[in-house]
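Heads up, the sequence shown is in the working numbering, so the first residue is 20 and it goes up one at a time. All C-beta atoms, glycine included, are put in the ideal place defined by N, C-alpha and C. Small disclaimer: the values here were computed from a predicted structure and weren't measured. Input: a single structure, listed below in structure tokens.
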Amino acid sequence: MWTREIFGTDVYHLVSAFIIYSMIGWLVESIYMSFCNRKLTNRGFGRGPFCPIYGFGGVLGYLILHPLRGNLVGLYLAGAALATTFEYLVGRLMKRFLGEVYWDYNEKPCNYQGIICLESTIAWGFYAIIIITFLHGRILGLVDRWDLLWGIRACKLVLVLATIDYITKLMKIFHISLKEQRERLFDAYESFRTRWY
Numbered sequence: 020m021w022t023r024e025i026f027g028t029d030v031y032h033l034v035s036a037f038i039i040y041s042m043i044g045w046l047v048e049s050i051y052m053s054f055c056n057r058k059l060t061n062r063g064f065g066r067g068p069f070c071p072i073y074g075f076g077g078v079l080g081y082l083i084l085h086p087l088r089g090n091l092v093g094l095y096l097a098g099a100a101l102a103t104t105f106e107y108l109v110g111r112l113m114k115r116f117l118g119e120v121y122w123d124y125n126e127k128p129c130n131y132q133g134i135i136c137l138e139s140t141i142a143w144g145f146y147a148i149i150i151i152t153f154l155h156g157r158i159l160g161l162v163d164r165w166d167l168l169w170g171i172r173a174c175k176l177v178l179v180l181a182t183i184d185y186i187t188k189l190m191k192i193f194h195i196s197l198k199e200q201r202e203r204l205f206d207a208y209e210s211f212r213t214r215w216y
């Protein structure tokens with residue numbers, strides 16, 4: 020599975036890039052918001068240093084935008100539009116399923132529903148240029164330095180830890196208790212067992 024190619028890149032490199040973009044995005048966002056708030060601020064959904072919106076944005080952005088590598092104006096405009104659309108869709112999904120959006124642009128000028136704003140759109144265009152012309156190649160070069168077996172193990176570990184972190188956060192949001200779930204499963208098992216045995 021890890022060596023299977025998708026859009027000219029193997030799954031291992033795509034997953035590794037997703038993880039690295041998720042961590043870089045968390046770092047940049049947390050530093051920026053810590054500066055704005057004048058206190059340490061974790062901008063991740065969970066507790067760990069992981070923002071998958073940046074992972075998906077970085078990888079999907081690269082896959083879609085890399086043909087524009089030689090046209091910086093086109094790359095900037097397409098990157099700004101694509102990332103803003105992605106941010107809006109993620110914001111709407113968060114609002115619908117989680118009841119809130121984990122960022123708020125209501126205080127920013129030229130915002131729409133507090134989910135997107137002109138300032139971020141301008142920044143997304145520059146990020147697209149940085150990712151396509153500079154960062155992505157270096158990330159792939161970094162991934163190539165790791166032993167494949169150890170790299171796959173590291174990817175699996177990070178994804179498992181992030182999944183546990185996010186499931187824990189979702190359980191808190193939806194007020195789901197592990198103890199209650201365990202009791203419900205046990206009761207269902209007992210009911211099934213008494214009915215069929």
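_Boundaries of the alpha helix (DSSP H) in which D123 is found, first to last residue_ = Unbroken run through D123: none, as it is neither H nor E.
*asked:* Contact defined as beta carbons within less than 8 angstroms: I believe V30 pairs with M42. What is the distance between those atoms, to the nearest angstrom?
replied: Not really, about 19 angstroms apart at Cβ, beyond 8 angstroms.
*Could you pull out every residue in the same chain whose Cβ sits closer than 7 angstroms to the Cβ of S35, ignoring the five residues on either side in sequence?*
V162, G170 and C174
*Could you check what DSSP says for T28 in three-state terms: helix, strand or coil?*
strand
*Taking one C-beta from the region 133-150 and one from the region 98-110 each time, how about it: are there three or more such pairs within less than 8 angstroms?*
yes
*To which residues does DSSP link N130 through a beta bridge?*
C136
*L94 and L87: beta carbons closer than 8 angstroms?*
yes
_Under 8 angstroms, Cβ to Cβ, is there at least one residue of chain D near P68?_
Within the model displayed, chain D is absent; a lone protein chain is all it includes.
_Meets three-Cβ-pair contact criterion under 8 angstroms: the region 61-68 and the region 184-196_ = Segment contact: the region 61-68 against the region 184-196, three or more CB-CB distances shorter than 8 angstroms; contact assigned.
*Under the rule that 16 or more other beta-carbon atoms within 10 Å means buried, what is I135, buried or exposed?*
It counts as buried.
*Sorted by chain position, which residues of the same chain lie with C-beta nearer than 6 angstroms to G110's C-beta, five sequence neighbours on each side aside?*
For G110, where only same-chain residues beyond five positions count, the Cβ hits under 6 angstroms are V120 and I134.
*Is H194 helix, strand or coil when you go by DSSP?*
In the three-state scheme derived from DSSP, where H, G and I count as helix and E and B as strand, H194 is classed as coil.
*Measure the CB-CB distance between L40 and G89 and report whether it falls below 8 angstroms.*
In the sequence under discussion, the amino acid at residue 40 is Tyr, which differs from the Leu named in the question. For the pair Y40 and G89, the CB atoms are not nearer than the 8 angstroms cut-off.
*Starting from the C-beta of L117, find all residues in its chain whose C-beta is less than 7 angstroms away, skip the five residues before and the five after it, and write them out in chain order.*
I192
*Quick one: is L139 buried, meaning 16 or more other Cβ sit within 10 Å of its Cβ, or exposed?*
The sequence given here places Ser at residue 139; Leu does not occur at that position. The residue in question, S139, is buried, as its Cβ has 16 or more Cβ neighbours within 10 Å.
_Cβ pair H85, I25 closer than 8 angstroms_ = No.
_For Y124 and S210, what's the separation of their Cα atoms in angstroms?_
So the alpha carbons of these two residues sit roughly 50 angstroms apart.
*asked:* Using a Cβ-Cβ cutoff of less than 6 angstroms, which residues in the same chain neighbour E106 once the five nearest sequence positions on both sides are dropped?
replied: I135
*Within 10 angstroms of its Cβ, does V177 collect 16 or more other Cβ (buried), or is it exposed?*
buried
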